[in-house]
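Asker: Have a look at the structure that comes next, please.
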Amino acid sequence: MTNYAETVATKCIECGQCTDECDFLIAYGKTPKELANEALNTKFSDNPVLPYSCNICGYCQKLCPENLDLGLMIMGGTRETGLRENRTTSRSPTCN
Ligand code: SF4
Ligand code: SF4
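In terms of my numbering, the sequence shown opens at residue 108 and continues consecutively.
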């Protein structure tokens, strides 16, 4: 199965549509292509807080001419480390 970060790294044309609108992307000052390469190369190990800053709202996909969903990429990266899934699991007993 293809890692979604590979799709973003390949298809993102760095058009600026999402990076002009998303507070998460503005705060980090990186394009999705750059983030995808970071996910592939380091799994965000140099910046482990970064994946938690995306709220997985899907707005970027609505803006993106390539129909890319960066939240999906972030979830994929954190799934490999288990970080975000562990947090979700630990919260689930108190969330309905
Ligand atoms: S899903 Fe993440 S990257 Fe996309 S617009 Fe929402 S916060 Fe930004
Ligand atoms: S809108 Fe899509 S193509 Fe444009 S910078 Fe964002 S992810 Fe890349």
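Beta carbons are placed, not taken as given, at the ideal position from N, Cα and C, and that holds for glycine.
1) State buried or exposed for T201, treating a residue as buried only when at least 16 other CB atoms are found within 10 Å of its CB.
2) Does the distance from the CB of I181 to the CB of P158 come in under 9 Å?
3) Quick one: grab the DSSP three-state call for C164.
4) Go ahead and label L145 buried or exposed: buried means 16 or more other beta carbons lie within 10 angstroms of its beta carbon, across all protein chains shown.
5) Counting Cβ pairs, one atom from each stretch, are 3 or more of them under 8 Å apart for the segment 157-177 and the segment 127-142?
6) Classify P172: buried if its beta carbon has 16 or more other beta carbons within 10 angstroms, exposed otherwise.
7) Closer than 8 Å: is that where the CB of Y166 sits relative to any heavy atom of ligand 1?
Answerer: Straight from the coordinates:
1) At T201, the pLDDT of 41 sits below 50, so the modelled position is not reliable; the number obtained from the coordinates is stated separately. Exposed, since its Cβ has fewer than 16 Cβ neighbours within 10 Å.
2) Taking 9 Å as the cut-off, the Cβ atoms of I181 and P158 count as close.
3) Reduced to three states, the DSSP call for C164 is coil.
4) Rather than Leu, the amino acid found at residue 145 in this sequence is Glu. Buried is the call here.
5) Taking 8 Å as the limit for Cβ pairs, the verdict is that the segment 127-142 does touch the segment 157-177.
6) Looking at its Cβ environment, which holds fewer than 16 other Cβ atoms inside 10 Å, P172 is exposed.
7) In this structure, the C-beta of Y166 approaches ligand 1 to less than 8 Å from one of its heavy atoms.
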